[in-house]
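> The sequence shown begins at 284 in the working numbering and counts up one residue at a time.
Ideal placement from N, C-alpha and C gives every residue a C-beta, glycine not left out.
My questions all concern the structure below.
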Amino acid sequence: MLNVVWVGMLLIGIAVAAINGRVEVVTLAALNSAQAAVEVCIGLIGIMSMWLGLLKIAEKAGLVELLARLIRPLTNLLFPSIPPGHPAVGAIIMNISANVLGLGNAATPFGLKA
Numbered sequence: 284m285l286n287v288v289w290v291g292m293l294l295i296g297i298a299v300a301a302i303n304g305r306v307e308v309v310t311l312a313a314l315n316s317a318q319a320a321v322e323v324c325i326g327l328i329g330i331m332s333m334w335l336g337l338l339k340i341a342e343k344a345g346l347v348e349l350l351a352r353l354i355r356p357l358t359n360l361l362f363p364s365i366p367p368g369h370p371a372v373g374a375i376i377m378n379i380s381a382n383v384l385g386l387g388n389a390a391t392p393f394g395l396k397a
């Protein structure tokens, strides 16, 4: 449903630009937006790689399991259908921890992994 709304807004914008004779502005905006998206993605690759590497180190060191045991009552309350010891629990806990610390970009890879 939301896709229909976005496509509708896009088509209305292009139609209005065509009526006003300003289609080149739409083309320029599309190219600038694509460039900005690529720049953001390239910037996030390094950040996400670093945090995923730290997560892997924490998993190997047993830190994730320790945090999972400490925060288990909270995760059981929030996610009752996930069994204890499930691999997703560690990623969920790291996501919650990163969000609590205000590290939004760090929370993204953990949320994707969960």
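1. Any idea if residue 224 is buried or exposed, counting beta-carbon neighbours within 10 angstroms, 16 or more meaning buried?
2. So, are the CB atoms of residue 338 and residue 377 less than 9 Å apart?
3. Measuring straight from C-alpha to C-alpha, what distance separates residue 302 and residue 296?
4. In the region 354-386, which residue ranges form an unbroken alpha helix (DSSP H) of at least 4 residues, counting only runs that do not cross its ends?
5. Helix, strand or coil: which one does DSSP assign to residue 303?
6. Using beta-carbon positions only, say whether residue 359 and residue 367 come within less than 9 Å of one another.
7. To the nearest whole angstrom, what separates the beta carbons of residue 308 and residue 300, a pair I think is in contact under 8 Å?
8. Taking only runs that begin and end inside the region 286-343, name each unbroken alpha helix (DSSP H) of 4 or more residues, in chain order.
9. Starting from the C-beta of residue 314, find all residues in its chain whose C-beta is less than 7 Å away, skip the five residues before and the five after it, and write them out in chain order.
10. With 16 other CB atoms within 10 Å as the buried threshold, where does residue 319 fall?
According to the structure shown:
1. The shown model of the chain, from 284 to 397, leaves out residue 224, and the question about it has no answer.
2. In the sequence shown, the residue the question calls residue 338 occupies position 55. In the sequence shown, the residue the question calls residue 377 occupies position 94. It is a contact, given that the beta carbons lie within the stated cut-off.
3. The residue given as residue 302 occupies position 19 in the sequence shown. The residue given as residue 296 occupies position 13 in the sequence shown. One C-alpha to the other measures close to 10 Å.
4. Correct list: 370-383.
5. On the sequence shown, position 20 is the one that residue 303 refers to. In the displayed model, residue 303 falls within coil according to three-state DSSP, outside both helix and strand.
6. Mapped onto the sequence shown, residue 359 falls at position 76. Mapped onto the sequence shown, residue 367 falls at position 84. Taking 9 Å as the cut-off, the Cβ atoms of residue 359 and residue 367 count as close.
7. Residue mapping note: residue 308 aligns to position 25 of the sequence shown, counting from 1. Residue mapping note: residue 300 aligns to position 17 of the sequence shown, counting from 1. Residue 308 to residue 300, Cβ: 6 Å. Contact.
8. Whole alpha helix (DSSP H) segments, 4+ residues: zero.
9. In the sequence shown, the residue the question calls residue 314 occupies position 31. Cβ within range, chain order: n/a, list empty.
10. In the sequence shown, residue 319 corresponds to position 36, counting from 1. That one is exposed.
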